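Residue numbers (the numbering used here): 2 to 109. To start, the structure under review is shown below, and the notes come after it.
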């Protein structure tokens with residue numbers, strides 16, 4: 002508040018921005034709460050994070066991460082990684098539910 006003159010802003014502009022922000026957060030409160038308690042939302046966030054790891058590694062070693070992700074090859078790799086993650090997750094869930102026991106006996 003003490004350096005507003007450096008940004009050529011008045012106190013009214015700051016108050017308006019804060020009021021708008023409060024309104025946006027209040028209107029998003031119910032969907033935000035639903036996302037917070039929804040385990041599928043968290044699983045999707047985890048899968049997205051895992052799929053982005055190879056691109057983060059490329060960015061760490063000096064390549065342009067955003068360009069790699071947005072290229073055609075990057076999109077194909079990302080899509081394949083998503084499919085692999087979803088397939089592996091489904092197999093794990095089916096195995097934990099005991100629905101793959103018959104398949105395991107046949108494959109032995």
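We treat Cβ as the ideally placed atom computed from N, Cα and C, and that holds for glycine. Just so it is clear, the structure is predicted and the values come from calculations on it, not from any experiment.
- Under the three-state reduction of DSSP, residue 63 is assigned to coil, being neither helix nor strand.
- Segment contact: the segment 78-91 against the segment 45-64, three or more CB-CB distances shorter than 8 Å; contact assigned.
- The three-state secondary structure of residue 6, taken from DSSP, is helix.
- In this structure, residue 59 sits near residue 66, with a CB-CB distance shorter than 8 Å.
- Within a 10 Å sphere around the beta-carbon of residue 104 sit fewer than 16 other beta-carbons, which makes this residue exposed.
- It is roughly 13 Å from the alpha-carbon of residue 78 to the alpha-carbon of residue 68.
- Annotation: the continuous alpha helix (DSSP H) that includes residue 30 extends over 30-38.
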